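So the sequence shown is numbered by our numbering: it starts at 1 and just counts up by one.
All remarks here apply to the structure that follows.
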Amino acid sequence: MKKTFLFVGLFIINCENLFAQVSTHQALNQAAEHMLPNPIMILPFVLLLAMIATGPLFYKHFWEKNYPAVSSVLGLVTVFYYLIFLNDYHSLLHSLSEYLSFIALLSSLFIVSGGILIKVDKKSTPLLNSIILFIGAIVSNLIGTTGASMLLIRPFLKLNQERIKPYQIIFFIFIVSNVGGALTPIGDPPLFLGFLRGIDFFWFIQHIWYIWLPAVLLIISIFYVYDSRNQVPETNKSYSGKIEFKGLKNIIYLLIILVSVFIDPAVMSWVPSLAPFPFGLREIIMFSVAYISFNRADKKILQSNEFDFEPIKEVAFLFIGIFATMIPALQLISHEANVLGEKINLSAFYWATGSLSAVLDNAPTYLNFLSAELGKFGLDLNIKVDVHTFQTTHYLYLQAISVAAVFFGAMTYIGNGPNFMVKSISERAGIKMPSFFEYIYKYSIPILLPVFTIIWLIFYFGRG
């Protein structure tokens, strides 16, 4: 563990040293932005994502013990390459800034939701479960798929404790942890990264709701059929019908986090920039709220929720490596898309983004293909004016990868961060969850893939 923190410390120290050198190397940085990295530098990115996919399955003990060091070392390989060979400080600072924004949102939502306890003393029925899933889909857009998953999975498990089956958790992952969060940048990490790049906050709900609603209702309808077959012998257990909610003050913390999303110089001109530091007032507010909410949380609620920092710790360490190693991939994909031009069509972007979001992490996958789409039309992901032009003139392309990145994240356990969190909590509750491959062939392929194919046929086939 000491070595892990040393690796992370070296990464941060190197980035801090950049602050003093930014002004003197400004001209070099402008030139470096146009210097493409060697394609071999994609290997750390590919290797990290491959290990994230296979580690928990094939070398679990090693991975659980060493994933922080693995992620940090691979990230440092890219950092040193950009420092020593490309002399490109700008790309590293930009990536660090996005990482801090990303982890500030996820960690604050995770910690604050852990201080809220919901108990539903009602009899479990297919209709009630379906209603909860639909509510979860809405809530995921307000507090994120991570926040909604952590908030609702425990009451969902307790509500169904007399008739709990793995498929119920799988559909929870489908809806609450993934598909539900497609309407706002708060909903899912890929969309938040897009928002940071310049996509308007309300663009997503405006252009995705008419895809989101039928998709959510269709998947819930399939769940209803599954759940209706789950019959349990009648018992004499009585139910009060009450819904108990504890930790009301944390709702205020959640509202503060929601408001702070907008506190950015790029969104509100009056907000001061803290440059050259790679964070702003938004990140300071989010981290502060997380700290205050945890220290003032009701310990009994945290205990009832079995709250611990392991899930967010894993996300923090893995993503510091992902955000560093994906820099070369982003730049090369943008360049290649610009060169290939018309050869990449709308359908290709939808299926490529979706397929990779299913087996890799959907946040960096989204950024890669967003960069590629802008490159196709001769635009630059790092120029917000270009992003605004793109979201208006080529909205179908942006819509396609936004839907694909969020929806296809449900195809595997590794498609989105909350998936593994929900799986872990369920297994601690004594539920035998499907294996990685069983999840795919038994649930995601026969249930989700037809739904996603229908979306493609209706909205994207033969267009673009």
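Note that the Cβ used here is the ideal one computed from N, Cα and C, for glycine as well.
What you are looking at is a predicted structure, and each value in this text was computed from that prediction instead of being measured.
Could you tell me the distance, in whole angstroms, from the CA atom of residue i to the CA atom of residue j?
i: Ser426; j: Glu336; result: 43 Å
i: Val387; j: Lys165; result: 44 Å
i: Ala32; j: Leu76; result: Bear in mind that a pLDDT of 42 at Ala32, under 50, signals an unreliable position, so the model cannot answer this.
i: Ala50; j: Ala69; result: 15 Å
i: Ile485; j: Lys343; result: With the chain covering 1 to 464 only, the question about residue 485 has no answer from this structure.
i: Ile322; j: Ile454; result: 32 Å
i: Lys123; j: Asn368; result: 46 Å
i: Leu434; j: Ile170; result: Note on residue identity: the sequence assigns Pro, not Leu, to residue 434. Between Pro434 and Ile170, the C-alpha separation is close to 9 Å.
i: Val216; j: Leu332; result: 35 Å
i: Ser72; j: Gln161; result: 40 Å
i: Ile116; j: Lys299; result: 11 Å
i: Glu64; j: His394; result: 43 Å
i: Ser260; j: Val139; result: 18 Å
i: His207; j: Ile320; result: 31 Å
i: Phe156; j: Asn345; result: 41 Å
i: Gly144; j: Glu306; result: 20 Å
i: Pro364; j: Val232; result: 43 Å
i: Gly187; j: Leu255; result: 14 Å
i: Lys158; j: Gly114; result: 16 Å
i: Tyr99; j: Ser238; result: 49 Å
i: Ala137; j: Ile175; result: 6 Å
i: Leu318; j: Asp380; result: 27 Å
i: Val289; j: Ala148; result: 18 Å
i: Asn66; j: Thr146; result: 24 Å
i: Ala297; j: Leu151; result: 15 Å
i: Ser97; j: Ala324; result: 11 Å
i: Ile292; j: Leu258; result: 16 Å
i: Ala316; j: Phe172; result: 24 Å
i: Tyr167; j: Lys313; result: 28 Å
i: Phe80; j: Ile42; result: 14 Å
i: Ile252; j: Val112; result: 10 Å
i: Gly55; j: Thr412; result: 14 Å
i: Gln21; j: Pro278; result: Any reading at Gln21 is ruled out, since the residue's pLDDT is 40, under 50, leaving its predicted position unreliable.
i: Ile263; j: Lys384; result: 17 Å
i: Leu250; j: Ser101; result: This sequence places Asn at residue 250; Leu is not what is there. Cα to Cα, the separation comes out at about 21 Å.
i: Ala352; j: Ala104; result: 29 Å
With burial defined as no fewer than 16 other Cβ atoms inside 10 Å of the residue's Cβ, what is the status of residue i: buried or exposed?
i: Phe437; result: exposed
i: Thr24; result: Since pLDDT at Thr24 reaches only 37, below the 50 mark, its modelled position is unreliable, and the value read off the structure follows with that caveat. Thr24 is exposed by the Cβ-count criterion.
i: Arg282; result: buried
i: Asn362; result: buried
i: Phe309; result: exposed
i: Met268; result: exposed
i: Asp121; result: exposed
i: Asn29; result: With a pLDDT of 44 at Asn29, under the threshold of 50, the modelled position of this residue cannot be trusted, and the question is left open.
i: Trp209; result: exposed
i: Pro418; result: buried
i: Pro39; result: exposed
i: Met35; result: exposed
i: Leu18; result: With a pLDDT of only 36 at Leu18, under the threshold of 50, the placement of this residue in the model should not be trusted, and no figure is reported.
i: Phe7; result: Only weak support exists for where Phe7 lies, its pLDDT of 40 falling under 50; the coordinates are left without a value.
i: Ala275; result: exposed
i: Asn129; result: buried
i: Lys242; result: exposed
i: Gln391; result: buried
i: Leu330; result: buried
i: Tyr441; result: exposed
i: Gln303; result: exposed
i: Lys60; result: exposed
i: Gly354; result: buried
i: Ser228; result: exposed
i: Trp203; result: buried
i: Trp270; result: exposed
i: Phe62; result: exposed
Would you please state the rounded distance, in angstroms, between the beta carbons of residue i and residue j? I believe it to be under 8 Å.
i: Glu373; j: Leu356; result: With a Cβ gap of about 14 Å, Glu373 and Leu356 do not count as contacting.
i: Ser371; j: Ala182; result: In fact, because the Cβ distance is near 20 Å, the residues do not count as touching under 8 Å.
i: Phe45; j: Pro328; result: 7 Å
i: Leu106; j: Pro189; result: 7 Å
i: Leu133; j: Phe223; result: 7 Å
i: Gly198; j: Pro185; result: Contact flag wrong, Cβ pair sits at about 11 Å.
i: Asn178; j: Phe407; result: 7 Å
i: Ser424; j: Phe287; result: That pair is no contact at about 24 Å.
i: Ala400; j: Phe349; result: 5 Å
Would you list the one or two residues that DSSP bridges to residue i?
i: Tyr243; result: A small correction: the amino acid at residue 243 is Ile; Tyr does not occupy that position in the sequence shown. Ile243 pairs with Val120.
Using a threshold of 7 Å, is the CB atom of residue i nearer than that to any non-hydrogen atom of the ligand ADP?
i: Ile205; result: For the structure depicted, the ligand ADP is absent and the ligand set is empty, with no information on it obtainable.
(request) For the region 107-165, list the alpha helix (DSSP H) runs that are entirely contained and at least 4 residues long, ordered along the chain. (result) 126-159
(message) As an exercise, report each continuous beta strand (DSSP E) stretch of at least 3 residues that is fully enclosed by the region 178-264, in chain order.
(response) 243-246
(message) To test your reading of the DSSP string, which unbroken alpha helix (DSSP H) runs of 4 or more residues are found completely within the region 378-429?
(response) 384-393, 395-407 and 417-428
(request) Quick one: which unbroken beta strand (DSSP E) runs of 3-plus residues sit fully inside the region 296-359? Chain order, please. (result) none
(message) Could you tell me which whole alpha helix (DSSP H) segments of length 4 or greater appear in the region 51-108?
(response) 60-84
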